[in-house]
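Protein sequence lines correspond, in order, to chains B and H. The C-terminal position of the first sequence is numbered 261 in this note's numbering, with every residue numbered one higher than the one before it. The C-terminal position of the second sequence is numbered 261 in this note's numbering, with every residue numbered one higher than the one before it. Quick reminder that beta carbons are idealized off the backbone N, C-alpha and C, glycines included.
2 protein chains.
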Amino acid sequence: MKLLLKIRYDGTSYCGYQAQPDKPSVQRALTDAVSDCFGFPCTVTGCSRTDSGVHALGFCAAVEPVDPQNRITIPTGRVHRALRRFLPADISVCGEAEVSGDFHPRYSVLRKEYLYRMYDTVYDDPFESSRAWHLKHPVTDEGLTRMNRAAAHMVGHHDFTSFMAAGSKIVDAHRTVYSLNVQRNGNNLDLRVSADGFLYNMVRIITGTLTDCAYGVFEPDDIADIIQAKDRAKAGKTAPPHGLYLSEVWYDREIEWKIF
Amino acid sequence: MKLLLKIRYDGTSYCGYQAQPDKPSVQRALTDAVSDCFGFPCTVTGCSRTDSGVHALGFCAAVEPVDPQNRITIPTGRVHRALRRFLPADISVCGEAEVSGDFHPRYSVLRKEYLYRMYDTVYDDPFESSRAWHLKHPVTDEGLTRMNRAAAHMVGHHDFTSFMAAGSKIVDAHRTVYSLNVQRNGNNLDLRVSADGFLYNMVRIITGTLTDCAYGVFEPDDIADIIQAKDRAKAGKTAPPHGLYLSEVWYDREIEWKIF
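What follows is the structure, encoded as structure tokens:
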């Protein structure tokens, strides 16, 4: 049995999820916290890498003792409380489950969802500065409609080479996008996209391209040609990392989450 | 003519609005920014003091050159853009107006509104930790109803001595509360209160007392007796500063805001 944690983090102060030498990472902070809390060294394996500044609302990470002789004795469902004083304020546990030994938090993923948050007030918003991308030109209702018309072209099974960071070493860039839409919530524009997998920078390039559609740089129907081209240069700019949130992960089996 | 700025700030890194020697204050940051931007020393006068960690969504501050020979030549409505590169990311200008020489941003106030934000998930939320008070016990629908029934007793003209920090040197603690209510927005509980003036810690003591009503420490109808007692010890605890936002200020004259 392994312990699976669902965590939320504000990624502003981290080099990303993945541990890197001499840089603060979420993985490092989490590994230190569980090891200190349980009293023996543990390994922590995440569901995904995230870039520097990227946030998470439902990141999944599996925790195991390094020495199999050690056992986690805190009952599942109580770990978040025990961990509270070991975790920094920008990371917290919002769900716990037990999973079997063959479960892998990355390889068992069936589907993931990201949120990309923007805001479009003319003024800079100090409460959004590290948590949403500031679009300096307001998005009109028509612009939002254009974004969603463009988004519809991306849903389905496609080769997303045009929406992958140039220089990525992925051989097969086919992915299935299950859903993609943009909604306005007050001054926020929330893009939500779910897929069976994501290429490097895929959500950020999709977001940049959809905002170009909002402002008339592209027509919504251009998206079909951009996908067809399989050329990163044809798509729009890469949106910055600080608006991106890994929001949900679905697995190839039922997980009995204790959610708080 | 004076320049009146409406500002938003995340108060987490400041000792409060008011300048204090050797401490970072919003007033100091704002004074430095306008002086650097305009090219001559300016004074900045705020509508209110705020405590360390308290935020603002619509704080008003008047800007004047120290030497009356100097004149602000940037047209009103363009100042927020000019100031952008002089202000730290946690302070921004979201409105501008011209006001007459006799206008005082504090003495001309007729009414102010505060927002006090709470959240009640069982887990700590890293996105709320410095911006809302974490109620560790969820507030039920009945608890919310109790809070609003209690709140209704506070609306009107009362002596609010029971809701003033002990040791305050205010002679007359009569204030008129125009509106006070608590609404749920997802995991947030937002208390909004407007009044002709506020005593020291008044919103935070009101908030602490209303949460006590939610959990059954007080009955909603106890509020009448608590007000009557004119004794700080009869009211509930003081909620922490980091959930408090000065949200709006109304003046004794029409202000022609250029709002963005």
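Non-local C-beta neighbours of phenylalanine 39 (chain H) in its own chain, meaning closer than 6 Å and more than five positions away in sequence, comprise Ile73, ordered along the chain. Residue contact with chain H for cysteine 95 (chain B): present (Cβ-Cβ distance below 7 Å to some residue of chain H). Cβ contact annotation for glutamate 249 (chain B) (same chain, cutoff 6 Å, sequence separation greater than five): Gly59, Glu114, in chain order. Note that the stretch 42 to 54 of chain B touches the stretch 17 to 26 of chain B; at least 3 beta-carbon pairs, one per stretch, sit closer than 8 Å.
If you look at leucine 211 (chain B), you'll find it in the alpha helix (DSSP H) that goes 203 to 215. Excluding five sequence positions before and after cysteine 43 (chain H), the CB atoms of its chain that fall closer than 7 Å to its own CB belong to Thr32, Val35, Ser36, Val64, Glu65, Pro66, Val67, given in chain order. Interface flag for proline 42 (chain B) against chain H is unset, since no Cβ pair is found closer than 7 Å.
At a beta-carbon threshold of 8 Å, the residues of chain H lying near isoleucine 92 (chain B) are Pro127, ordered along the chain. In the three-state reduction of the DSSP assignment, phenylalanine 261 (chain B) falls in the coil class, being assigned neither a helical nor a strand state. Annotation: Cβ neighbours of serine 130 (chain B) in chain H (cutoff 7 Å, chain order): Ala90. If you look at alanine 196 (chain B), you'll find it in the beta strand (DSSP E) that goes 189 to 196. The C-alpha of proline 89 (chain B) lies about 20 Å from the C-alpha of aspartate 11 (chain H). Under the Cβ criterion of 7 Å, valine 123 (chain B) is counted among the residues facing chain H.
Looking only at H:Leu136, H:Tyr120, H:Val27, the smallest Cα-Cα distance to isoleucine 92 (chain H) is reached by H:Val27. Cβ-Cβ distances below 6 Å link histidine 56 (chain B) to Asp11, Gly12, Tyr246 in the same chain, with the five nearest sequence neighbours on each side left out; the list follows chain order. Within the stretch 108 to 180 of chain H, the complete alpha helix (DSSP H) segments at least 4 residues long are 142 to 155, listed from N- to C-terminus. For phenylalanine 261 (chain B), the residues of chain H that pass the 9 Å Cβ criterion are Thr122, Val123, Tyr124, in the order they occur in the chain. Membership of valine 45 (chain B) in the beta strand (DSSP E) is indicated by the continuous run 43 to 47.
Taken through DSSP and simplified to helix, strand or coil, serine 101 (chain H) comes out as coil. Comparing alpha carbon positions, the residue from B:Asp213, B:Ile256, B:Met165 closest to asparagine 202 (chain B) is B:Met165. Here proline 106 (chain B) is buried: its Cβ has 16 or more other Cβ atoms, across all protein chains shown, within 10 Å. By the criterion of at least three beta-carbon pairs nearer than 8 Å, the stretch 147 to 164 of chain B is in contact with the stretch 201 to 219 of chain B. In this structure, the straight-line span from the alpha carbon of arginine 118 (chain H) to that of aspartate 197 (chain B) is close to 37 Å. Valine 183 (chain B) is bridged by DSSP to B:Leu192. Between the stretch 147 to 157 of chain H and the stretch 213 to 232 of chain H there are three or more inter-stretch CB-CB distances shorter than 8 Å, so the stretches are counted as touching.
Annotated three-state conformation of leucine 245 (chain H) is strand, per DSSP. Under the Cβ distance rule, histidine 81 (chain H) counts among the residues neighbouring chain B, one pair being separated by less than 7 Å. Within the DSSP bridge table, the entry for glycine 54 (chain H) names no partner. Buried is the label assigned to lysine 7 (chain H), since at least 16 other Cβ atoms lie within 10 Å of its Cβ.
CA-CA distance, arginine 176 (chain B) to histidine 159 (chain B), rounds to 6 Å. Under the Cβ criterion of 7 Å, tyrosine 216 (chain H) is not counted among the residues facing chain B.
The alpha-carbon of isoleucine 227 (chain H) is positioned some 57 Å away from that of tyrosine 179 (chain B). Chain B has a Cβ within less than 7 Å of the Cβ of tyrosine 10 (chain H). Residues Thr239, Ala240 of the same chain have their beta carbon placed closer than 6 Å to that of arginine 205 (chain H), with the five preceding and five following residues left out of the count.
The beta-carbon distance between alanine 98 (chain B) and tryptophan 258 (chain B), rounded to whole angstroms, is 5 Å. This is short enough to meet the 8 Å contact definition. Neighbours of arginine 85 (chain H) in chain B, taken as residues at a C-beta separation under 7 Å, are given in chain order as Asp125.
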